[in-house]
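Peer 1: Throughout the sequence shown, residue numbering follows our numbering, covering 5 to 357 in sequence.
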Amino acid sequence: MSISAVIAQEIRAQPVARGLEHPWAVAFLPQGRFLVTERPGRMRVVDPQGQLGAPLAGVPEVAAQGQGGLLDVVLDSGFPANRVLYFCFSEPGPRGSSTALARAKLSADLSRLEDVKVIFSQKPKVASSLHFGCRIVESRDGTLFLTLGDRFHRKDDAQKLDNHHGKVLRLTKDGAPAPGNPFAGRAGALAEIWSFGHRNSQGATLAPDGSFWMHEHGPQGGDEINVPEAGRNHGWPVITFGENYGGGKIGEGLTAQAGMEPPLHYWVPSIAPSGMAFLTSDRYGPAMKGNLFVGSLKFSYLARLELAGGKVVREHKLLAGGERVRDVRQGPDGLLYVLTDSSRGSLLRLLPP
């Protein structure tokens with residue numbers, strides 16, 4: 005039996021909470037509590053014993069259709085003092101929906117969101133219930149990265165700089181374009197854009213060195229891990245390792261082109277990735293420290309990716325045969341936590357050997 009197979013068997017998933025309806029993201033509150041979003045539009049506090057709190061008041065209306073709803077949530081780096089958090093959701097409108105980013109404060113009694121303000125809305129809104137993207141990462145300089153999907157039917161927009169489809173944005177905590185963004189002052193380009201040519205990212209994180217990493221869904225094959233840098237074009241839909249649903253090449257069937265960034269890693273067939281975290285703790289031993297973890301919705305496992313020289317050199321499958329993995333995060337205790345995506349989803353704590 006291989007070493008990877010032994011590790012996969014020995015890591016155990018301990019249920020923390022059950023009965024969550026399509027949970028999408030988890031954040032870690034003080035005193036061992038958890039903050040969890042449910043895609044239909046609810047945000048709940050889970051206590052250390054796994055008891056689900058009542059839905060928080062103050063969550064805005066969401067377009068909970070298809071892939072849309074209440075999606076990512078992260079705590080501000082200053083949360084212990086300011087109680088500020090950020091969340092993104094599919095925002096309804098008269099002509100369609102789009103991804104929105106909001107800022108709020110969690111009330112002291114953990115019952116409601118206060119001072120809720122939408123600080124960014126993706127434009128244009130379109131009549132689609134697909135590809136919202138919607139992961140939020142606070143960088144070390146205090147700016148926010150936000151991933152935005154191409155909305156499926158508007159995939160060609162990902163190559164244009166006058167819209168928010170298929171982009172990564174870099175924003176201030178007020179939702180304005182962050183200083184130093186690559187397209188600031190360029191005619192016909194939106195100053196909040198950091199990188200473009202993306203499809204639909206449902207996983208993003210900071211690496212131990214502070215760089216921003218993300219992954220994105222391919223069409224049918226070609227899920228990608230990327231490390232977007234300022235102003236870079238990641239190619240969608242011009243280059244891809246995927247194909248049209250039902251078969252057939254996309255465009256000219258290119259997998260590379262000058263001026264477009266190749267993925268750091270890709271999957272064929274697609275695993276439908278969601279959630280993404282680096283393990284920086286020693287809780288699972290030296291072999292796993294520094295590994296990257298990505299959830300698979302399609303095949304219901306947690307991918308453990310070993311890296312060397314900035315490349316993926318080996319993949320292991322954990323929790324295989326379980327439920328769809330929607331989110332994975334490292335908790336304050338150094339352990340990994342996973343959300344499973346179902347009508348009665350779970351929050352799981354992964355115990356080391």
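Even for Gly, the Cβ is constructed at its ideal location relative to N, Cα and C.
#1: Buried or exposed: ASN204, going by 16 or more other Cβ atoms within 10 Å of its Cβ?
#2: Beta carbon of VAL77, beta carbon of LEU351: below 8 Å?
#3: As an exercise, report each continuous beta strand (DSSP E) stretch of at least 3 residues that is fully enclosed by the region 42-66, in chain order.
#4: Taking the alpha carbon of PHE245 as the reference point, which residue from LYS171, LYS321, GLN224 has its own alpha carbon closest?
#5: Could you spell out the range, first to last residue, of the beta strand (DSSP E) harbouring ASN230?
#6: Considering just the uninterrupted stretch of the beta strand (DSSP E) at PRO27, what are its terminal residues?
#7: Can you tell me whether GLN18 is buried or exposed? The criterion is at least 16 other CB atoms within 10 Å of its CB, across all chains shown.
#8: Could you tell me the alpha carbon to alpha carbon distance between PHE216 and ARG107, rounded to whole angstroms?
#9: Does DSSP classify GLU14 as helix, strand or coil?
#10: By the 10 Å Cβ neighbour count, where 16 or more other Cβ atoms means buried, how is PRO336 classified, buried or exposed?
#11: Using the beta-carbon count (16 or more within 10 Å), is SER199 buried or exposed?
#12: Which residue marks the beginning of the alpha helix (DSSP H) containing ALA291, and which one marks its end?
#13: For the 8 Å Cβ check, are there 3 or more pairs between the region 317-335 and the region 296-306?
#14: So which of GLY214, ASN185, VAL242 has the shortest CA-CA distance to HIS202?
#15: Using DSSP with H/G/I as helix, E/B as strand and the rest coil, what is ASN237?
#16: Could you name the residues of the same chain whose beta carbon sits closer than 7 Å to that of GLN13, not counting the 5 residues immediately before and after it, in chain order?
#17: Within 10 Å of its beta-carbon, does ALA9 have 16 or more other beta-carbons around it, so buried, or fewer, so exposed?
#18: Measure the Cβ-Cβ separation of HIS157 and LYS127 and say whether it is below 8 Å.
#19: What span of residues does the beta strand (DSSP E) with PHE2 cover, start to end?
#20: For GLY207, name the three-state secondary structure that DSSP assigns.
#21: Could you check the C-alpha separation between GLY214 and THR284 for me, to the nearest Å?
Peer 2: Looking at the coordinates:
#1: Counting Cβ neighbours within 10 Å, ASN204 comes out buried, since at least 16 surround it.
#2: In this structure, LEU351 does not lie closer than 8 Å to VAL77 by Cβ.
#3: 46-50, all fully within the region 42-66.
#4: Per the Cα distances, GLN224.
#5: Element bounds for ASN230: 227-230.
#6: Here the beta strand (DSSP E) through PRO27 covers 27-32.
#7: By the 10 Å Cβ count, GLN18 comes out exposed.
#8: Near 21 Å, if we compare the C-alpha coordinates of ARG107 and PHE216.
#9: Note: GLU14 maps to helix in three-state DSSP.
#10: Its Cβ having fewer than 16 others within 10 Å, PRO336 is exposed.
#11: By the 16-neighbour rule on beta-carbons within 10 angstroms, SER199 is buried.
#12: Premise fails: ALA291 is in no alpha helix (DSSP H) and is neither H nor E.
#13: In short, these stretches touch, since the Cβ pair count reaches three.
#14: Relative to the Cα of HIS202, the nearest Cα in the group GLY214, ASN185, VAL242 belongs to VAL242.
#15: It is a strand residue.
#16: Its pLDDT being 49, under 50, GLN13 is placed unreliably by the model, and the measurement read from it follows with that caveat. If we look at GLN13 and ignore the five residues flanking it on each side, it has no Cβ neighbours.
#17: Note on ALA9: pLDDT 42, under 50, position unreliable in the model; no value is reported.
#18: No. Outside cutoff.
#19: With the chain represented from 5 up to 357, any question about residue 2 goes unanswered, as that position is not in the structure.
#20: Secondary structure of GLY207 (DSSP, three-state): strand.
#21: Rounded to the nearest angstrom, the gap between the Cα atoms of GLY214 and THR284 is 12 Å.
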